[in-house]
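Everything in the sequence shown is counted per full-length UniProt numbering, starting at 1 for the first residue and increasing by one. To start, the structure itself, in structure tokens.
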Amino acid sequence: MKKAKCKGETTEIWKDKWLPKPNTYKPQDSIRFLHENTKVSFLIDDYTFQWKRDLVFSMFTKEEVELILKIPISPPFKPDRIFWRCTSSGQFTVKSAYHLLNELEDQTRGQSSNLRTHQAPWTRLWNLNLPNATKTFLWRACLNALPTRANLKRRKVTEEPACPICLHSTETIEHTLWDCPSTRDVWALSNRKFQKASTPSPPFAEKLESLEVSLGTKELLTFAITAWNLWKRKNEVVFKGHLTHPSSVVKQSQQLVEDPQHLHVSKKTKSPSQQNNSHWEAPPQGKIKVNWDASVDKISCKVGVGVIIQDWKSQVLATLRMKQDLFPDPHMAEAFAAFQAVLLQKEDLNYTGLITADTRDILNIFNSWSTRHIVRAINVVAHALSKDALSISGRTSTFVNIPSCIQTMVS
């Protein structure tokens, strides 16, 4: 658990976990010269609500200074709160705790050494024309990090380790993907080189390494897709009570290899309603519309904010471009951009606004505002402003002139 810094009035500099710094989440106490109970609010200017840079530079290490200055400061009316670092919402969930324990367990087992051992074959596999989900599955299989019943029992999630298909042997990764009689039926109908592989199977990572050396690109692609389909087949047995016939598994895998376009199912086509409405719409008469977006520069840890405000006649009333030191997290960047959009409307324009953005997760937190999610294709003007903001310094707002980076888009 960590503390979110809003006002910093209840968060102690030296005792609380408030820095986004792995392991300790606290600053080093060896350079402490303030009272041990000094609050984080002491580091924040009461008038500008910005960090007191001179004080921060004098108190903390260079690494800590960079971390602190990238922390956004919430409005002064927000009290400090405790949040769970393993979820984007900050709320504790059993699922997130489960994944955290798995991560810590993998680190304890010396996962990094295993990764180095299998780095060479994995490089070739990663370059194959495979969906990211399939690559991630194979990666986790090599690390024995899939939720087989053997792993779930070891973590005390279940008491039954038996394979849900054959109901006899312990369900390990090797059993599910190679040794199970039902799985052997699938491989028997597939490439002959797969049939010659040894049984019982060695650890999956070793098998993949040996196959990577002996198989051609198309054969390796077939093996990877078939293994992925075998895992999904097992899950269908567990969750739907349905066992796909071996010939159907082989046929589906072969079709995917022959027609790579069907591999990348994540590339969804737009619905007719989306295609017909992919343009900016003016707000109702007497209202304004605020569009915003954020661009992230992960290398320099900076965020570009773009905001444009237009009235019901499509006239541009104001724009904002702003570059800010911030952690390169997309959700945090969009939240910061949303805050700047609200400030621009609230402080600089006396209108009732309709706020729109292309990030649905962030919109859900504005319960008191009229908001609407839009697709990125409609939000191109705000996006262009946010990209241009990364090339400027500080904050630039306009109320008459239109920035050159969007003149052709709004003319």
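By construction, the Cβ of each residue, glycine as well, lies at the ideal position given by its N, Cα and C atoms.
Taking the alpha carbon of G306 as the point to measure from, which residue in H279, F336, S182 has its own alpha carbon closest? The alpha carbon of G306 has as its nearest neighbour, out of H279, F336, S182, the alpha carbon of F336.
Could you tell me the alpha carbon to alpha carbon distance between K52 and Q28, rounded to whole angstroms? For K52 and Q28, the distance between alpha carbons rounds to 19 Å.
Pairing CB atoms from the region 394-404 with CB atoms from the region 317-333, are three or more of them under 8 Å? At 8 Å Cβ cutoff, the stretches touch.
My guess is that K302 and L390 are in contact by the Cβ rule of under 8 Å, so how many angstroms apart are they, rounded? Confirmed, Cβ separation roughly 6 Å.
Distance, L385 Cα to C405 Cα: So the two alpha carbons sit approximately 7 Å from each other.
How long is the line joining the alpha carbons of E281 and A341, rounded to whole angstroms? When rounded, the distance between both Cα atoms is 18 Å.
Run through DSSP, which three-state label would R376 get? DSSP, reduced to helix, strand and coil, places R376 outside both helices and strands of the structure shown, so it counts as coil.
Quickly, what does DSSP pair R395 with across the bridge? List them, please. According to DSSP, residue pairing for R395 in a beta bridge involves M322.
Can you pull the DSSP bridge partners for D297? Paired residue(s): K302.
Could you tell me whether the region 160-169 touches the region 236-250, using the rule of 3 or more Cβ pairs below 8 Å? With the cut-off at 8 Å, the region 160-169 and the region 236-250 touch.
First and last residue of the uninterrupted alpha helix (DSSP H) at S247: Taken as a continuous stretch (DSSP letters only), the alpha helix (DSSP H) holding S247 covers 246-258.
W312: first and last residue of the uninterrupted alpha helix (DSSP H) it sits in: Going by DSSP, W312 is part of no alpha helix (DSSP H) at all; its letter is neither H nor E.
Mapping the DSSP letters down to three states, classify V342 as helix, strand or coil. Assignment of V342 by DSSP, reduced to helix, strand and coil, places it in the helix class.
Among all the DSSP beta bridges, which residues are the ones paired with E12? Paired residue(s): K39.
Helix, strand or coil, according to DSSP, for K289 in the structure here? K289: strand per DSSP, three-state reduction.
Between V186 and chain B, is any beta-carbon pair separated by less than 7 Å? As a matter of chain content, chain B is missing from the structure shown, which is built from one protein chain.
Tell me, to the nearest whole angstrom, how far the beta carbon of F204 is from that of L230; I am working on the premise that it is less than 8 Å. With a Cβ gap of about 12 Å, F204 and L230 do not count as contacting.
My understanding is that V381 touches I288, with C-beta atoms under 8 Å, so please give their C-beta distance in whole angstroms. Incorrect: roughly 14 Å between the Cβ atoms, too far for contact.
For V94, which three-state DSSP category applies? Three-state DSSP puts V94 in a helix.
Short check: CB of F137 to CB of W228, under 7 Å? Between F137 and W228, the gap from beta carbon to beta carbon is short of 7 Å.
Under 6 Å: does the beta carbon of Q345 sit that close to some heavy atom of the ligand ADP? Of the ligands one can find in the structure shown there are none, so the ligand ADP has no counterpart to examine.
Given a cut-off of 7 Å, decide if V56 and I44 are closer than it, judged by their beta-carbon atoms. No, the Cβ-Cβ distance between I44 and V56 is not below 7 Å.
For V307, three-class secondary structure by DSSP: In this structure, V307 counts as strand in the three-state DSSP scheme.
What are the residues that DSSP puts in a beta bridge with I44? W51.
Please report how far the alpha carbon of E9 lies from the alpha carbon of T61, in whole angstroms. Distance between the alpha carbons of E9 and T61 is about 23 Å.
Got a sec? Which residues, its chain only, sit under 8 Å from S393 by beta carbon, not counting five neighbours each side? Cβ within range, chain order: K323.
Nearest to L326 by CA position, among V65, S182, R154, is which residue? Here the closest residue by C-alpha is V65.
Nearest to P328 by CA position, among F339, D311, V296, F92, is which residue? Considering only alpha carbons, the answer is V296.
Helix, strand or coil: how does DSSP classify I173 here? Here I173 sits in helix by DSSP.
Through-space distance from D80 to I73, alpha-carbon basis: If you take the alpha carbons of I73 and D80, they lie about 11 Å apart.
Should L34 be labelled buried (16 or more other beta-carbon atoms within 10 Å of its own) or exposed? Exposed, by the Cβ-count rule.
Give me the residue from K234, D293, C180 with the minimum Cα distance to A377. Here the closest residue by C-alpha is D293.
Should I173 be labelled buried (16 or more other beta-carbon atoms within 10 Å of its own) or exposed? That one is buried.
Exposed or buried, D259, counting other C-beta atoms within 10 Å across all chains shown (16 or more means buried)? By the beta-carbon neighbour count (other beta carbons within 10 angstroms, threshold 16), D259 is exposed.
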